């Protein structure tokens with residue numbers, strides 16, 4: 354599993370595309386947080402990073418499927434999947450190794466955003482005037498959303514041998530899970546709205562962003578991860 358994990362990491366950073374994806378992600382967040390007047394912290398006038406945590410899931414909806422689209426689809430298209438299956442690894446171990454590599458890439462993409470935390474602390478009046486519990490709760494929430502999206506992207510990659518199709522499926526599923534159920538929950542449809550809101554990733558992400566780490570939210574997010582990883586295993590086993 355360690356060899357497969359390192360292979361996935363090297364494949365990402367061994368090409369210009371990997372650095373380009375991360376650069377575009379950080380550029381988009383930088384423009385949203387510091388430049389665009391509608392969301393700029395400098396224009397807002399308050400020492401918080403609400404714009405960062407509000408818009409990052411939108412960017413993640415496209416970034417994480419872009420990272421995960423080649424994980425299995427490319428292996429099947431190039432014919433190396435059969436070779437990988439002859440290695441002394443079970444199907445579950447292969448999926449977990451690829452998933453951990455994707456999760457590592459999500460963390461690498463998020464780590465530079467800690468510079469925003471330092472910047473806001475220095476810009477506060479007085480210095481350090483920042484809701485740190487809210488920041489780190491939201492940051493943990495972003496990690497969990499990225500982890501769920503990585504599992505969804507891996508599941509989408511297992512469904513097809515075409516990277517573009519895997520990317521489109523991944524974006525669609527991530528959009529439905531984060532935005533679709535939330536929109537359905539806002540329609541005031543009685544019990545349907547209640548259950549739709551509870552199934553929405555945004556609902557649990559907002560709970561974490563309040564700075565209180567609730568075990569119910571973590572159980573739900575971890576359950577979503579195992580659901581899609583298990584789905585990927587079942588799909589590949591049937592194929």
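In our numbering, the protein residues as written are 354 to 592. Don't be surprised by glycine CBs; every beta carbon is placed ideally from N, CA and C. A quick note: this is a predicted structure, and the numbers were derived from the prediction, not measured.
| Item | Value |
| --- | --- |
| Reference residue 494, options 566, 399 and 421, closest by Cα | 566 |
| Limits of the unbroken alpha helix (DSSP H) element including residue 567 | Careful: residue 567 lies outside any alpha helix (DSSP H) and carries neither H nor E. |
| Test item: CB-CB of residue 412 and residue 402 under 8 Å | no |
| Any 3 or more C-beta pairs closer than 8 Å across the region 375-388 and the region 492-509 | no |
| Residue from 384, 464, 428 and 443 whose Cα sits closest to the Cα of residue 516 | 428 |
| Element boundaries [alpha helix (DSSP H), containing residue 515] | First-last for residue 515: undefined, no H or E at that position. |
| Any 3 or more C-beta pairs closer than 8 Å across the region 514-534 and the region 435-453 | no |
| Residues near residue 528 in its chain [Cβ-Cβ closer than 7 Å; skip 5 each side] | 414 |
| 8 Å contact criterion, which residue 425 and residue 356 should meet: CB distance rounded | Wrong, their Cβ atoms sit about 17 Å apart, outside the cutoff. |
| DSSP three-state assignment for residue 540, whether helix, strand or coil | coil |
| Complete alpha helix (DSSP H) runs within the region 410-459 (minimum length 4 residues, chain order) | 426-431 and 433-438 |
| Neighbourhood of residue 537 by C-beta, 6 Å cutoff - its chain only, sequence neighbours within 5 removed | 549 |
| Inter-residue Cα distance where the pair is residue 369 and residue 458 | 15 Å |
| Cα-Cα separation between residue 582 and residue 497, rounded to whole angstroms | 15 Å |
| Distance between residue 447 and residue 420 (C-alpha atoms, nearest Å) | 17 Å |
| Extent of the continuous alpha helix (DSSP H) run through residue 402 | Note, residue 402: premise wrong, no alpha helix (DSSP H); not H, not E. |
| Cβ distance (whole Å) where residue 491 is taken to contact residue 366 below 8 Å | That belief does not hold up - the Cβ atoms of residue 491 and residue 366 are roughly 27 Å apart, past 8 Å. |
| First and last residue of the uninterrupted alpha helix (DSSP H) at residue 356 | 355-366 |
| 8 Å Cβ cutoff met for residue 506 and residue 533 | no |
| Under the three-state DSSP convention, the category residue 523 falls into | helix |
| Integer-rounded CB distance, given that residue 560 should sit under 8 Å from residue 570 | 5 Å |
| Of the residues 471, 383 and 431, the one placed nearest residue 408, counting alpha carbons only | 383 |
| Option in 590, 577, 399 and 389 with minimal Cα separation from residue 479 | 399 |
| Unbroken alpha helix (DSSP H) run spanning residue 396, endpoints | 394-397 |
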